[in-house]
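All remarks here apply to the structure that follows.
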Amino acid sequence: MEHQRKTTRNMRWYCLLGLGIGATPMISILKDIVNNIRSMEEGENAVETGSDGIRHSPLSKISSPDEQKRKENFKTRRAYFYWVTREQGSFDWFKGVMNEVAELDHNHVIELHNYCTSVYEEGDARSALIAMLQSINHAKNGVDIVSGTRVKSHFAKPNWRNVYKRTALNHPDSRVGVFYCGAPAFDQRPAPASLGFFSQNQYKV
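Mind the numbering: the sequence shown is residues 825 to 1029 in the numbering used here, read in order.
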């Protein structure tokens, strides 16, 4: 797992795909991103306040060597996380991380997508009712009724073709890493390269 974490640190854009418990190593990478975001924010706040306890204007801020090193080592500009699980209760496993990402990621570096496959297929009248209640509750309380987190859940399985296409369109002429962990059956699905979206820009856990 340390190898994958180091690999993502050297990439600007990547997709993290986790099926079921396979989301665990991906969550570890998300934690690493959040820790980097937190460290940089703390460094910026410390520089802004100054060792003399006086708040300095942005023009007078000078990055410390440690802060500059953190920025140089942290290359991630956007990470897409897709978690597909059958059981609604699975979202409790990483509820804390999901909420932490929503709270700390002010620059929207991480984009979270949770899919619950045990809920009715999208387009079904029953799922439409759930989706309506979901949207109302999320708008009012900021919490998703399916996952119990701030991250809004999707129903059924993701359309991987659309996922790859959307990511490729967001980052044209860029090298996008794709990491996957889960059931081997996923390998039988079309890979990003075979769909013509990423040429040879595919990586897998």
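Glycine included, C-beta positions come from ideal geometry on N, C-alpha and C. As the structure is a prediction and not an experimental result, all values here were calculated from the model.
Cα-Cα separation, residue i to residue j
i: Ala903; j: Tyr838; result: 5 Å
i: Glu927; j: Phe979; result: 24 Å
i: Ile934; j: Phe905; result: 7 Å
i: Asp968; j: Thr941; result: 16 Å
i: Phe1003; j: Leu841; result: 6 Å
i: Val987; j: Gly966; result: 25 Å
i: Thr973; j: Asp997; result: 34 Å
i: Ile960; j: Val975; result: 14 Å
Environment of residue i [buried if 16+ CB atoms lie within 10 Å]
i: Gly920; result: exposed
i: Ala847; result: buried
i: Ser977; result: buried
i: Ile845; result: exposed
i: Ala992; result: buried
i: Thr843; result: Contrary to the premise, residue 843 reads as Leu rather than Thr in this sequence. Classification of Leu843: buried, given that the 10 Å Cβ count is 16 or more.
Residue span of the alpha helix (DSSP H) that contains residue i, given as start and end
i: Arg985; result: 984 to 994
i: His920; result: It is Gly, not His, that sits at residue 920 in the sequence shown. From DSSP, the alpha helix (DSSP H) with Gly920 extends over 919 to 928.
Residue i: first and last residue of the uninterrupted beta strand (DSSP E) it sits in
i: Phe1003; result: 1000 to 1005
i: Val967; result: That residue, Val967, is in no beta strand (DSSP E); it is neither H nor E in DSSP.
i: Ile934; result: 934 to 940
i: Arg902; result: 902 to 909
i: Phe915; result: Premise fails: Phe915 is in no beta strand (DSSP E) and is neither H nor E.
i: Ser971; result: Element bounds for Ser971: n/a, residue is neither H nor E.
i: Gly842; result: 837 to 843
*Cβ pair count under 8 Å reaching 3, the stretch 858 to 865 against the stretch 912 to 919*: Using a Cβ-Cβ distance cut-off of 8 Å, the stretch 858 to 865 and the stretch 912 to 919 are not in contact, since fewer than three pairs of beta carbons, one from each stretch, lie closer than that value.
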